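Participant:
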Amino acid sequence: MEARSMDMPPMDRPRKAASRWSVRRVAWVSTAALAIIAAIGADRFWLRAQEGVDLADFVTADVRRGTLLVEVQGAGVLEPVSERWLTAVVPGTVEEVLARPGAKLGAGDPIVRFANPTVRRELVQARLVLAELEADDRRHAAEVTDRRLAAEARLLDANAQRHEQELRLDAQAQLREQNAISEIDFRSQQIRTDQAKTHAEFEARRFEEVKTALQAERQASEARVQARQAVVEEAEGALASLVVAARVPGTVREVFVNPGEFVVAGGQVARMVDTSSLVAVVRVPEFYASRVAAGQDATATVLNSDILGTVGRVDPAVTEGTVAVDIVLDGPLPTGARPDLSVRATITVAELDDVLYVRRPLHVRDNSTADVFVLDEDDRVATRTTGRFGMGTLRDIEVADGLREGDTLLLGNQTRLERLDVVVVR
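Written out as structure tokens, the structure is:
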């Protein structure tokens, strides 16, 4: 054995040592790799989780089953149902402002008084012309009456002559039968009777024509008087319009003129509103506006008082990302309610019965899929879970799939949990 060892080549022993060194190096590298992987895994699934989070830093919410009222909220102001813009009928200079914004007026109460000398002068002239026409009309009426009576007298005289000649003809007819008069006398009486009858018929036709002509003359004369009366009434209206007054009871909202200011015809003078009838006009985000429709129930909050109402109108236009919605208030307004008073409203757009719902996480949108953290029964560990959500409100949202009734969600700012799937909760 010793001799064989002595005969072994000198390089055999170093080669075997090198082989053992290679095996050891592979083992060391493998061990280091496993250590690195273990460190990464521990950091990913255990060490970071062991760092944990405080439950007090978050809000928890339970998944519940029941009826979810899908509501849309908006803010706006109270606006009058009806308002009136008062304008100047005739040009004039503002002489006096009799009512200021906020004043409650009755129908006919003055607001602004104007001055216009031309209007007064035109009224005086119109009244003088009317007086002359009325005098001419009375004189003409007397003339017409006289002419009608004269024509009627001629008609009566003609009828009397006709009756007289008819009586004479009857008498002579009897005498003729007795041969008491000659045939010539009887024929002559017939001619006179026919002439009287023809004359009476002529006077009757002339009387009707005279009456028609006189009636037309009277109508023309009366029309001239009525036309002038209309001019006078217009002038009187122009004079009366120098005082701009409330047409219906209400409250003065704005006065656009000041004393000494000249205002043209049609210029705006004041605006009045009916403060007893107000509507809540709120603006809702355009994303939710598609759910709002007329007839839906709503609740408006005015001066800390909740008033039930109904959606009356939805504006078809979008302005700066919002849509205007009119809410007709069913209940009485609180004391102090007035136009432009701020109001908040909640509109019930849907009622989902027997559904799962939970308080809306910050990052979850309607009809979307999102990851949430669900606490275990001991509230010690939160696990990332994928859920599918449906319709919702600003506060709550429907759970369509992925979560169960009774699950507790970890809500709040979850930025530091974005790369974690399991979190230890302290």
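Just so we're aligned: 348 in numbering that gives the first Met the number 0 is position 349 of the sequence shown, and the numbers increase by one with no gaps anywhere. Ideal placement from N, C-alpha and C gives every residue a C-beta, glycine not left out. Please read these numbers as outputs of a predicted model, since none were measured by experiment.
1. Measuring alpha carbon to alpha carbon, tell me which of 279, 262, 221 ends up nearest residue 302.
2. On the criterion of 16 or more Cβ atoms from any shown chain inside 10 Å, does residue 190 qualify as buried, or is it exposed?
3. Check whether the Cβ atoms of residue 254 and residue 90 lie closer than 8 Å to each other.
4. What are the boundary residues of the alpha helix (DSSP H) that includes residue 180?
5. Using the DSSP secondary-structure output, state which residues sit across from residue 322 in a beta bridge.
6. State the DSSP-derived secondary structure class of residue 295, mapped to helix, strand or coil.
7. Exposed or buried, residue 275, counting other C-beta atoms within 10 Å across all chains shown (16 or more means buried)?
8. Would you kindly work out how many angstroms separate the C-alpha atoms of residue 265 and residue 395, rounded to a whole number?
9. Taking one C-beta from the stretch 325-345 and one from the stretch 306-314 each time, how about it: are there three or more such pairs within less than 8 Å?
10. Check the DSSP bridge columns for residue 79 and list the partner residues they point to.
11. Taking DSSP as the reference, what is the three-state secondary structure of residue 249?
12. Look at the alpha carbon of residue 131 and the alpha carbon of residue 237, and state the distance between them as a whole number of angstroms.
13. Write down the C-beta distance between residue 397 and residue 391 rounded to the nearest angstrom, noting that I regard them as a contact closer than 8 Å.
14. Can you grab the Cα-Cα spacing for the pair residue 422 / residue 288, in whole Å?
15. Could you give the residue range of the alpha helix (DSSP H) that holds residue 376?
16. Which residue from 185, 150, 102, 159 puts its Cα closest to that of residue 169?
17. Exposed or buried, residue 379, counting other C-beta atoms within 10 Å across all chains shown (16 or more means buried)?
18. Counting only runs of 3+ residues fully inside the stretch 175-249, write out the beta strand (DSSP E) ranges in chain order.
19. Using the rule of at least 16 other Cβ atoms within 10 Å of the residue's Cβ for burial, across every protein chain shown, is residue 95 buried or exposed?
20. Given a threshold of 16 other Cβ atoms within 10 Å of its Cβ, counted over all protein chains shown, does residue 286 qualify as buried or as exposed?
21. Is DSSP giving residue 88 helix, strand or coil here?
22. In or out: residue 115 buried (at least 16 other Cβ within 10 Å) or exposed?
23. By Cβ distance, which residues of its chain are closer than 7 Å to residue 333, with the 5 residues on each side in sequence left out?
Facilitator: On the basis of the data shown:
1. Taking the sequence shown and counting its residues from 1, the one referred to as residue 302 is at position 303. Each of 279, 262, 221 was checked against the Cα of residue 302, and the nearest Cα belongs to 279.
2. Reading the sequence shown from its first residue, position 191 is the one you call residue 190. The C-beta of residue 190 has fewer than 16 other C-beta atoms within 10 Å across all chains shown, which makes the residue exposed.
3. Reading the sequence shown from its first residue, position 255 is the one you call residue 254. Reading the sequence shown from its first residue, position 91 is the one you call residue 90. For the 8 Å CB-CB criterion, residue 254 and residue 90 do not form a contact.
4. Here residue 180 refers to the residue found at position 181 when the sequence shown is read from its first residue. Neither: residue 180 is in no alpha helix (DSSP H) and is coded neither H nor E.
5. For the purposes of this step, residue 322 is taken as residue 323 along the sequence shown, with counting starting at 1. Looking at the DSSP assignment, residue 322 forms a beta bridge with 283.
6. Taking the sequence shown and counting its residues from 1, the one referred to as residue 295 is at position 296. Assigned with DSSP and collapsed to three states, residue 295 falls in coil, not helix or strand.
7. Here residue 275 refers to the residue found at position 276 when the sequence shown is read from its first residue. Per the 10 Å Cβ criterion, exposed.
8. As a position in the sequence shown, residue 265 is number 266, starting the count at 1. As a position in the sequence shown, residue 395 is number 396, starting the count at 1. Taking the CA atoms as reference points, residue 265 sits about 54 Å from residue 395.
9. Segments in contact, yes.
10. Taking the first residue of the sequence shown as position 1, residue 79 is located at position 80. Bridge partners of residue 79: 277.
11. Taking the sequence shown and counting its residues from 1, the one referred to as residue 249 is at position 250. Correct three-state label for residue 249: strand.
12. Along the sequence shown, read from residue 1 onward, the residue named residue 131 stands at position 132. Along the sequence shown, read from residue 1 onward, the residue named residue 237 stands at position 238. When rounded, the distance between both Cα atoms is 22 Å.
13. Working through the sequence shown from its first residue, we reach residue 397 at position 398. Working through the sequence shown from its first residue, we reach residue 391 at position 392. Between residue 397 and residue 391, the beta carbon gap of about 6 Å places them in contact (Cβ cut-off 8 Å).
14. Translated into positions along the sequence shown, residue 422 becomes position 423. Translated into positions along the sequence shown, residue 288 becomes position 289. Answer to the nearest angstrom: the Cα atoms are 39 Å apart.
15. What you label residue 376 is simply residue 377 of the sequence shown in a count that begins at 1. Residue 376 -> no alpha helix (DSSP H), and no H or E assigned at all.
16. If you number the sequence shown from 1, residue 169 lands on position 170. If we check each option's Cα against that of residue 169, 185 comes out closest.
17. Here residue 379 refers to the residue found at position 380 when the sequence shown is read from its first residue. Label assigned to residue 379: exposed.
18. Runs of the beta strand (DSSP E) spanning 3 or more residues and lying entirely within the stretch 175-249 occur at 242-244, in chain order.
19. Translated into the one-based positions of the sequence shown, residue 95 becomes position 96. Residue 95 is exposed by the Cβ-count criterion.
20. By one-based count along the sequence shown, residue 286 stands at place 287. A residue is called buried once 16 or more other Cβ atoms fall within 10 Å of its Cβ, and residue 286, having fewer, is exposed.
21. If you number the sequence shown from 1, residue 88 lands on position 89. Assignment of residue 88 by DSSP, reduced to helix, strand and coil, places it in the coil class.
22. Taking the first residue of the sequence shown as position 1, residue 115 is located at position 116. Buried: at least 16 other Cβ atoms inside 10 Å.
23. Against the sequence shown, residue 333 aligns to sequence position 334. Annotation for residue 333: 301, 302, 304 place their beta carbon closer than 7 Å to its own, counting only its chain and skipping 5 residues before and after.
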